[in-house]
Each structure stands twice: as structure tokens, then as C-alpha cells.
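Asks: The structure follows.
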Amino acid sequence: MKSICRNLAVSVLALVFAVSLSSVIVAAQGPEPGSKPEAMATPAQMAKAAATDKLDINTATKDQLQELPGIGDTYSQKIIDGRPYRTKLDLVHKKIIPQATYDKVKDLIIAKQPKAGMMAPAPK
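Position 78 (the sequence shown) corresponds to 74 in my numbering; numbering is contiguous.
Following this line, the structure appears as C-alpha cells:
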């Protein structure tokens, strides 16, 4: 009788452990793909989210710029010295970086414009 109770207790403990382990694995995988908030986002919201992931060349630090592919110490300083940029393509138009380097970073950068209220007043 003792061996039956012991075997039953071991089986119950193994079952509890297995259930606990499977719940941890499911929790680590996250929610279902169709239930993510991004799946319900409008195209405008998705574009805004993508834009916020990009590095703003008008405000980025030298270290942040150097993390971009093909942008080293010299190019990062030239980017900072050439500010402000109306568009990211100004990097090529103003001959700050070559076209080949621009092609490497164009999907990673953005040139945000300051809001109208945040612009400096014109000198008198």
C-alpha cells in the first residue's frame, strides 16, 4: 500500500511540474499573432511608428550617427556641421556623404522638422 501511495505522489508531482513548465513556455512565447495591437493599426499609425524608429539626423548625437553603417567619425561630424536638413536626401545634395553611403542608411534615418512654435525668433 505504501508503494502505491508513493508512486501516486510521484506521478502527481511529475504532472504538476510538467504543467508548470508548459505554462512558462507558453507565457514566454507571447500572445497569438492575430491578437497583437499592431495587427489593428491603421497605415498612418504604422508609418508614424516606423518613423519613430528611425534616427533623426537633425538631432542625433555623434555616437548615434556613428552606429549607422558606413558612417564613421568624419561623416558623423560633417552631418552635425551641415545641420539643419530639410530632407534626408540633403545629405547627398549638400555633398555631406556619397550616394553609396546614403543608400546604406536611407532606411534608417529621417530629417524631422521643428514644430512652428519651437522655432527660434528671427533676429531684429
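The beta carbon of each residue, even a glycine, is placed where N, CA and C say it ideally should be. Owing to the predicted nature of the structure, the values given are computational and were not obtained by experimental measurement.
Over the uninterrupted alpha helix (DSSP H) stretch that includes Ala96, give me the two end residues.
Replies: Gln95 to Val101
Asks: Of the residues Lys58, Pro110 and Gly66, which one's Cα is nearest the Cα of Ile76?
Replies: Lys58
Asks: Quick one: what's got a C-beta closer than 8 Å to Thr83's C-beta in the same chain, skipping five residues either side?
Replies: Correct list, in chain order: Ala107.
Asks: If we ignore side chains and look at the alpha-carbon of each, how far apart do Asn54 and Thr38 end up?
Replies: Asn54 and Thr38 have their C-alpha atoms spaced approximately 27 Å apart.
Asks: Which residue marks the beginning of the alpha helix (DSSP H) containing Ala70, and which one marks its end?
Replies: A quick correction: the sequence has Thr, not Ala, at residue 70. From DSSP, the alpha helix (DSSP H) with Thr70 extends over Asp69 to Asp77.
Asks: DSSP three-state call for Leu51: helix, strand or coil?
Replies: strand
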